[in-house]
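Report on the structure given below.
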């Protein structure tokens, strides 16, 4: 139960803060833009500086000027776009049985040929010992929501691969799209064997797509990333080479805080600070016109060191509605034809879907498991258990939630 | 079940709601419903005969409405192919009879048609058997929520067409109509006028 009286005051405060931030932001974005233009010509100097820097943030790496803008290419008249999205019922120990469900929705849309699309979903139930318990780094632990998520991602990619193989066999021009990032962020700090196994599955899928020469792209709507802005922050740093761990301005700031009782001395502002907080989409919202994309950048995420030829690169694109981030493996980025295909597919898909790639929203619709579906699933489970004379009961906590007394 | 004595190639819909007096069927093809006033039958051991009185096309999901795209149908098929998978056509029929070993009978069936039974167009002999007198018009006049006048006009025209527009048949039906709607001259004359248009 929410106490809206208390909550409303907090919401109002949050709105005031957001307003102050927003006013300040316009000046920051202007500065970031002028920084971007300043590095247009000596971009190689900036790239070298970035390569030598040690920062605490992710910084975009590039092999062209930051200001690069590519116009919208022509879409092939006939094109097949494939996407898969997953949804799940997480394991819940308060429910009748220990199990989880993954539903993979998938869509294959053929453009320019009036053919019927494929739009369907495939549920899989996991309940066996090896699905419910894992042993990583010598420690046996029950399946978590995170592991279900990893499994779901792998199943989505598998589906895209098999559909792509089939479409390719039929001689089509194919692009695969996925919802969200292709970078397995969640693997950072995870046990080595878990990392290796998960990476292997993903990289196998990407390798098969490479063999098929089917470009795959992850589309991120409303991206909050600032890899490019962080590159410009490196540019603002007077240190040679910049090293955030030994930042003299930060040290001075810390010192000033310690000297509270002593002589009041304002520390010098941190040079990279004026554009901090600006995100790449804010920057490119000013830079790109409808249908255009930025240059391709390499992500500096640590996890990508294990990606080999599938190292993830990204670009920003103006879909007409928003600035989206598109992530692609390096072999797509290096192949002009595939890169253009991804660019136009994303723009075209967002136009068709009036803001969001239609193939992604439709595969989500096929995948989604709603509350009512969840209830039916557990009802089926209970009925089936009862029929087979298997003990079927909810935990007392669950029962109490269903029938709370006064 | 639904396949019994039904040629799978011929079916035009499948029953999705059913009662003793009416049934609703989902059309096999989008916008492929039988015409208003057409006679249809359900598959199965006991065929049930119905008269189509309503056709509608809408989104398959209640929370997703269709919106305008400003494209021709061909352009939509080329560039927005998914929408044709997200729409469906349904038709509703009022039950006017059922079949047994002696052929079609003009009375309500002992059981409503089963859900998921296929729906097929009636053969000419069945239309003739169901309309050899004006009794089927009583089903229409006594039914709830039916566009009775227009349904009479459309069904009589189908029955007349099954008899190669035989004039004496139309005169006979006209007499039956006179008996059924004798207390409302204006209505009767409007119906008669429109049937023979």
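Protein chains in written order, with the numbering used here: chain A, 87 to 492; chain B, 4 to 200. Think of the CB as a built atom: it goes at the ideal place given N, C-alpha and C, for glycine as much as any other residue.
**Prompt:** When DSSP builds the beta bridges, which residues end up paired with residue 61 of chain B?
**Reply:** Locating residue 61 of chain B in the second chain gives position 58, where the first residue counts as 1. Answer is B:91.
**Message:** When you compare the CB of residue 13 of chain B with every CB in chain A, is at least one pair closer than 8 Å?
**Reply:** As a first step, residue 13 of chain B must be located in the second chain, where it is residue number 10. By this cut-off, residue 13 of chain B is not an interface position.
**Request:** Report the residues of the region 172-202 of chain A with a CB closer than 9 Å to any CB of chain B, ordered along the chain.
**Result:** 193, 195, 196, 197, 198, 199, 200, 201 and 202
**Prompt:** Mind checking if residue 83 of chain B is an interface residue toward chain A, Cβ cutoff 8 Å exclusive?
**Reply:** What you label residue 83 of chain B is simply residue 80 of the second chain in a count that begins at 1. Chain A, which has a Cβ nearer than 8 Å to the Cβ of residue 83 of chain B, makes this yes.
**Request:** Let me know if residue 94 of chain A comes out buried or exposed under the rule of 16 or more other beta-carbons within 10 Å of its beta-carbon.
**Result:** By one-based count along the first chain, residue 94 of chain A stands at place 8. Exposed.
**Request:** Compute the Euclidean distance between the alpha carbons of residue 361 of chain A and residue 240 of chain A, then round it to the nearest angstrom.
**Result:** Start at 1 with the first residue of the first chain, and residue 361 of chain A comes out as number 275. Start at 1 with the first residue of the first chain, and residue 240 of chain A comes out as number 154. If I take the Cα positions, the gap works out to 37 Å.
**Request:** Could you list the residues in the region 87-102 of chain B with a C-beta less than 9 Å from some C-beta on chain A, going in chain order?
**Result:** 87, 88 and 89
**Asked** If residue 229 of chain A sits next to residue 186 of chain A, beta carbons under 8 Å apart, how far is it from one beta carbon to the other, in whole angstroms?
**Response** Taking the first chain and counting its residues from 1, one reaches residue 229 of chain A at position 143. Taking the first chain and counting its residues from 1, one reaches residue 186 of chain A at position 100. For a cut-off of 8 Å, the C-beta gap from residue 229 of chain A to residue 186 of chain A is around 7 Å, short enough to register as a contact.
**Message:** Can you tell me whether residue 271 of chain A is buried or exposed? The criterion is at least 16 other CB atoms within 10 Å of its CB, across all chains shown.
**Reply:** What you label residue 271 of chain A is simply residue 185 of the first chain in a count that begins at 1. By the neighbour-count rule (16 or more Cβ atoms within 10 Å), residue 271 of chain A is not buried but exposed.
**Asked** For residue 448 of chain A, which residues in chain B fall below 9 Å Cβ to Cβ?
**Response** Residue 448 of chain A sits at position 362 when you count from the first residue of the first chain. Residues of chain B passing the Cβ test: 85, 88 and 89.
**For residue 15 of chain B, the first and last residue of its enclosing beta strand (DSSP E)** = The residue labelled residue 15 of chain B in the question sits at position 12 within the second chain. Neither: residue 15 of chain B is in no beta strand (DSSP E) and is coded neither H nor E.
**Residue-level contact to chain A via CB, residue 68 of chain B, 8 Å cutoff** = As a working note, residue 68 of chain B is residue 65 in the second chain. It does not: the Cβ of residue 68 of chain B has no partner Cβ on chain A nearer than 8 Å.
**Asked** residue 190 of chain B touches chain A at which residues, Cβ-Cβ below 8 Å?
**Response** If you number the second chain from 1, residue 190 of chain B lands on position 187. Within chain A, no residue comes near residue 190 of chain B; the closest Cβ sits about 46 Å away, beyond 8 Å.
**Message:** Across the region 175-185 of chain A and the region 148-162 of chain A, are there enough close Cβ pairs to call them in contact, namely three or more that are closer than 8 Å?
**Reply:** no
**Asked** Candidates A:482, A:124, A:268 and A:263: which alpha carbon is nearest residue 443 of chain A's?
**Response** By 1-based counting over the first chain, the position of residue 443 of chain A is 357. Measuring from the Cα of residue 443 of chain A, the nearest candidate turns out to be A:263.
**Prompt:** Closer than 7 Å, Cβ to any Cβ of chain B: which residues of the region 424-443 of chain A, in chain order?
**Reply:** 438
**Asked** To the nearest angstrom, how far is it from the Cα of residue 336 of chain A to the Cα of residue 157 of chain A?
**Response** Position 250 of the first chain, counted from the start, is the residue given in the question as residue 336 of chain A. Position 71 of the first chain, counted from the start, is the residue given in the question as residue 157 of chain A. The alpha-carbon atoms of residue 336 of chain A and residue 157 of chain A are separated by roughly 41 Å.
**Item:** Which residues DSSP lists as bridging residue 417 of chain A, in chain order
**Value:** Here the question's residue 417 of chain A lines up with position 331 in the first chain. Per DSSP, none; premise fails for residue 417 of chain A.
**Item:** Option in A:484, A:280, A:489 and A:412 with minimal Cα separation from residue 309 of chain A
**Value:** Here residue 309 of chain A corresponds to residue number 223 of the first chain, with the count starting at 1. Closest option to residue 309 of chain A, judged by alpha-carbon separation, among A:484, A:280, A:489 and A:412: A:412.
**Request:** List the endpoints of the continuous alpha helix (DSSP H) containing residue 341 of chain A.
**Result:** Within the first chain, the letter at position 255 stands for residue 341 of chain A. Counting along the chain, the alpha helix (DSSP H) containing residue 341 of chain A begins and ends at 334-344.
**Asked** From residue 192 of chain B to residue 15 of chain B, what does the alpha carbon distance come to, in whole angstroms?
**Response** On the second chain, position 189 is the one that residue 192 of chain B refers to. On the second chain, position 12 is the one that residue 15 of chain B refers to. The straight-line gap separating the alpha-carbon atoms of residue 192 of chain B and residue 15 of chain B is approximately 35 Å.
**Prompt:** Rounded to the nearest angstrom, how far is the Cβ of residue 143 of chain B from that of residue 151 of chain B, given a contact under 8 Å?
**Reply:** Start at 1 with the first residue of the second chain, and residue 143 of chain B comes out as number 140. Start at 1 with the first residue of the second chain, and residue 151 of chain B comes out as number 148. About 6 Å separates the two Cβ atoms, so the contact holds.
**Item:** the region 15-26 of chain B touching the region 78-96 of chain B, judged by at least three CB pairs closer than 8 Å
**Value:** yes
**Asked** Is it the case that the Cβ atoms of residue 21 of chain B and residue 116 of chain B are separated by a distance below 8 Å?
**Response** Here residue 21 of chain B is taken as the residue at index 18 of the second chain, counted from 1. Here residue 116 of chain B is taken as the residue at index 113 of the second chain, counted from 1. It is a contact, given that the beta carbons lie within the stated cut-off.
**Message:** If I measure Cβ to Cβ from residue 375 of chain A and keep anything under 7 Å in the same chain, skipping five residues before and after, which residues do I get?
**Reply:** Locating residue 375 of chain A in the first chain gives position 289, where the first residue counts as 1. Contacts found: 404.
**Message:** Taking its Cβ as the centre, do 16 or more other Cβ atoms sit within 10 Å of residue 106 of chain A, making it buried, or is it exposed?
**Reply:** The residue labelled residue 106 of chain A in the question sits at position 20 within the first chain. With fewer than 16 other Cβ atoms within 10 Å, it is exposed.
**Request:** Determine whether the Cβ of residue 205 of chain A lies closer than 8 Å to any Cβ atom of chain B.
**Result:** Your numbering for residue 205 of chain A matches position 119 in the first chain. Chain B contact via Cβ: present.
**Request:** Sort A:448, A:410, A:449 and A:447 by Cα distance to residue 430 of chain A and report the nearest one.
**Result:** Within the first chain, numbered from 1, the residue matching residue 430 of chain A stands at position 344. Taking only the C-alpha atoms, the option nearest residue 430 of chain A is A:410.
**Message:** Between A:225, A:199 and A:233, which has its C-alpha nearest residue 174 of chain A's C-alpha?
**Reply:** Reading the first chain from its first residue, position 88 is the one you call residue 174 of chain A. That would be A:233, whose Cα lies nearest to the Cα of residue 174 of chain A.
**Asked** Measuring CA to CA, which of A:356, A:225 and A:315 is closest to residue 334 of chain A?
**Response** Reading the first chain from its first residue, position 248 is the one you call residue 334 of chain A. Of A:356, A:225 and A:315, the residue nearest in Cα terms is A:356.
**Message:** Run through the DSSP bridge pairs and tell me what residue 455 of chain A is partnered with.
**Reply:** As a working mapping, residue 455 of chain A is identified with position 369 in the first chain. Residue 455 of chain A is not bridged to any residue.
**Request:** Assess, as a yes-or-no matter, whether the region 248-267 of chain A is touched by the region 296-312 of chain A under the definition of 3 or more beta carbon pairs within less than 8 Å.
**Result:** Three or more Cβ pairs drawn from the region 296-312 of chain A and the region 248-267 of chain A lie within less than 8 Å of each other, which places the two stretches in contact.
**Prompt:** If you count every other CB in all the chains shown that lies within 10 Å of the CB of residue 6 of chain B, and 16 or more means buried, which is it?
**Reply:** Translated into the one-based positions of the second chain, residue 6 of chain B becomes position 3. In this prediction, residue 6 of chain B has a pLDDT of 38, which is less than 50 and means its spatial position is unreliable; nothing more can be read from the coordinates.
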